[in-house]
Amino acid sequence: VDEGPGTGPFAQFSNVQSVLITGYIDSSDTSEGIITYSTDLFYRFNCRYPLEYLLENVPLITSSISAAINGNNGSFISTLSLKIYNDSTYTSQLVVPDTGIQLRTKIYVEVGARNLTGNFNVLLDHCFATPSPFGTTTVKHTFFIGCTKDARTTILANGVGQSSRFLFDAFRFREQLNSTVYLHCVTRLCEPSTCQQLLSTCNSGNGRKRRAAEAFGTETQNSVTVSSGPLQVTDRGTSFR
1 VDEGPGTGPF AQFSNVQSVL ITGYIDSSDT SEGIITYSTD LFYRFNCRYP
51 LEYLLENVPL ITSSISAAIN GNNGSFISTL SLKIYNDSTY TSQLVVPDTG
101 IQLRTKIYVE VGARNLTGNF NVLLDHCFAT PSPFGTTTVK HTFFIGCTKD
151 ARTTILANGV GQSSRFLFDA FRFREQLNST VYLHCVTRLC EPSTCQQLLS
201 TCNSGNGRKR RAAEAFGTET QNSVTVSSGP LQVTDRGTSF R
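Residue numbers (UniProt numbering): 1 to 241.
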């Protein structure tokens, strides 16, 4: 953050706070060996954004999927949220009573993205639960991965808009009497036509289509994982901490 006299439309202000963003674009050389004959493009840029403009929260328009996803500290992961609701209307977030929620209660989950253009949909490749906040633990319960889902999981919407939804029955891990449950979803953005192509393999027996979309259900370089929790699950019910 930088401070200084205002300029342009802010010229009437003696002191304006601005965010400074610097970066560079470097071309990728795909040739092999220790020498190359390709021209290297290196472009450095600097941008200054008065904070007054940032308060408008204007949606970011991106030109490609990689530009929207690869910067996990910027445009994509910061817009994602995993929220839990109390019914299928998805209007009121779940409020857990002091006595907790009974096992087998329907838990409604939504993974949504804010401030995206209509050029992209949110696709969930893999959603699962773990007893710890680390999604890499070996102990996990899979709600769904690609076209395969657990019998007690219902997918309501996936890859058809800027939010994806599913529900599952509340449970606890058997290895713990008082079990903590963390939710994780491996998520990516895709153009609507690409999302549809991936999802079509769930209802198609065509082998060629399955091979074309074999990445569905796997974590790719353009995927991010969004998490929530913990849910505290006991024999009496569940509660959020």
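Quick reminder that beta carbons are idealized off the backbone N, C-alpha and C, glycines included.
In the DSSP secondary-structure assignment, residue 228 is bridged to 183.
Residue nearest to residue 167 within the set 221, 134 and 158 is 158 (criterion: CA-CA distance). Here residue 7 is not near residue 46, since their CB atoms are 8 Å or more apart.
Residue 137 and residue 219 have their C-alpha atoms some 16 Å from each other.
Residue 142 and residue 114 have their C-alpha atoms some 26 Å from each other. DSSP, reduced to helix, strand and coil, places residue 121 within a strand of the structure shown. In the three-state scheme derived from DSSP, where H, G and I count as helix and E and B as strand, residue 147 is classed as coil.
When the Cα atoms are used, residue 199 and residue 186 turn out to be separated by approximately 15 Å. Its Cα nearest to that of residue 127, the residue 182 stands out among 182, 189 and 201.
In the three-state DSSP reduction, residue 102 falls in the coil class, being neither helix nor strand. In this structure, DSSP gives residue 192 a helical state, which the three-state scheme calls helix. Looking at 156, 184 and 123, the one whose alpha-carbon comes closest to that of residue 230 is 184.
Residue environment for residue 87: exposed (fewer than 16 other C-beta atoms within 10 angstroms of its C-beta). Residue state for residue 203 is assigned as helix, using DSSP reduced to three classes. In this model, residue 161 and residue 19 are separated by some 32 Å (Cα to Cα).
The three-state secondary structure of residue 197, taken from DSSP, is helix.
One Cα belongs to residue 139, the other to residue 150, and the distance between them is close to 16 Å.
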